[in-house]
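Residue numbers 40 to 331, in the numbering used here, belong to the letters of the sequence shown in order. Built from N, CA and C at the ideal position, the CB exists for glycine as well. Take a look at the structure set out below.
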Amino acid sequence: MFPSIPRTTSLLEAAEFERNYSRASQPVVLENPVPDWSALADWNVDAFAAHLGDAEVVIGLSDDAVFRENSGERASFSSFAQRLLSDMPVGKKGVVNLPMERLGSMAEQASPPPSTLHVKSPITQVWLSPCNAITTLHYDLSDVLVVQVKGTKRWSLYHPNDWRRLYPRSMFKPLGYHGRVDIDAPDLKRFPRFEAAQRFEAVVEAGQAIFVPAGWWHQVYSLGSENISVHYRWVNPASQTLRIPSLLRLTLHNAFIDLRFRYPRQIWRKLRGSRPQAASGNRSSSQTSQSR
Ligand SMILES: O=C(O)CCC(=O)C(=O)O
40 MFPSIPRTTS
50 LLEAAEFERN
60 YSRASQPVVL
70 ENPVPDWSAL
80 ADWNVDAFAA
90 HLGDAEVVIG
100 LSDDAVFREN
110 SGERASFSSF
120 AQRLLSDMPV
130 GKKGVVNLPM
140 ERLGSMAEQA
150 SPPPSTLHVK
160 SPITQVWLSP
170 CNAITTLHYD
180 LSDVLVVQVK
190 GTKRWSLYHP
200 NDWRRLYPRS
210 MFKPLGYHGR
220 VDIDAPDLKR
230 FPRFEAAQRF
240 EAVVEAGQAI
250 FVPAGWWHQV
260 YSLGSENISV
270 HYRWVNPASQ
280 TLRIPSLLRL
290 TLHNAFIDLR
300 FRYPRQIWRK
310 LRGSRPQAAS
320 GNRSSSQTSQ
330 SR
């Protein structure tokens with residue numbers, strides 16, 4: 040048993056959320072943050088398939104459960120839905136991560152945003168994942184509030200100060216913001232410091248939300264047969280970035296990786312995308328799981 044992430048049943052107002060959680064770099068589970076969303080009753084993979092049909096999406100696919108940035112294949116949403124619903128073999132995991140704008144009128148069913156949100160225009164994405172999908176251990180430099188709409192996810196979290204015990208990948212490799220330790224079967228000979236890392240856990244059911252502050256390492260397990268969640272992401276200049284030395288260090292680490300791998304690839308993709316051939320319907324605005 041691992042210590043639990045604190046939970047709150049009160050509908051946190053934005054100022055209180057910002058003070059007690061976002062600025063304080065304190066994760067929390069919100070029990071009932073979006074009581075008015077009709078998405079809680081209406082969203083499922085079939086509803087998305089009916090709405091998106093053959094629209095092209097990028098499916099993050101992986102044999103080893105590590106979802107690599109934009110490493111997925113392009114396919115119609117309906118073919119993803121079929122795969123997701125037909126019990127994808129264990130080991131072949133797939134996720135779709137769509138910008139909220141791609142949902143068109145369906146987005147109204149996930150509105151208004153939680154009153155807790157204190158930022159005006161967070162990046163908003165919808166994730167769909169099959170049972171057993173695992174987003175492996177990594178950190179982000181943005182705060183994220185994830186509302187579980189359908190299914191259940193288990194979240195394992197580690198404080199930013201545990202970064203040395205989680206053995207971040209080399210900053211000279213694209214997945215540098217991932218840890219190297221398999222937290223469920225750690226090789227303590229290779230990663231002895233991991234033994235002292237403190238894991239926290241939360242199970243987040245449909246209708247609940249979890250807040251994960253920037254720099255907190257997380258590994259996420261999709262437990263429902265269909266898992267749909269809405270992710271609000273923002274950079275919080277008032278967070279602890281400058282006060283938690285490990286967060287400052289992670290910021291530099293990630294900035295180096297971004298400069299070296301992410302932005303050159305984005306620029307390259309933009310240049311390729313502006314060619315006439317790619318413009319004739321071969322483009323997708325969606326991104327896979329680690330694209331943030
Ligand atoms: O929901 C998941 O599987 C992972 C989400 C995540 O890592 C994130 O939103 O930062």
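(request) Would you check if there are 3 or more beta carbon pairs closer than 8 Å linking the segment 76-89 to the segment 264-275? (result) yes
(message) Quick test of your reading: GLU240 and SER195, contact by CB under 8 Å. State the CB separation rounded to the nearest angstrom.
(response) 6 Å
(request) Put THR290 into one of helix, strand or coil per three-state DSSP. (result) helix
(message) Quick test of the definition: if touching needs 3 or more C-beta pairs under 8 Å, does the segment 207-217 touch the segment 136-150?
(response) no
(message) Per DSSP, what are the beta-bridge partners of ASN275 in this structure?
(response) Paired residue(s): none; ASN275 is not in a bridge.
(message) At the level of alpha carbons, what is the spacing between GLY143 and ARG229?
(response) 48 Å
(message) By the DSSP assignment, the beta strand (DSSP E) with VAL158 in it spans what residues?
(response) That residue, VAL158, is in no beta strand (DSSP E); it is neither H nor E in DSSP.
(message) By the three-class DSSP mapping on this structure, what secondary structure does GLU95 have?
(response) strand
(request) Return the Cβ separation of ASN171 and SER261 in integer angstroms, given the expectation that the two are a contact with Cβ distance under 8 Å. (result) 7 Å
(request) For the segment 184-202 and the segment 245-260, state whether three or more C-beta atom pairs, one from each stretch, are separated by less than 8 Å. (result) yes
(message) The alpha helix (DSSP H) that contains GLU55, what's its start and end?
(response) 53-56
(request) Could you tell me which of VAL274, TRP166, GLY111, PHE116 sits nearest to ASP93, measuring between CA atoms? (result) PHE116
(message) Please state the DSSP three-state secondary structure of GLY143.
(response) helix
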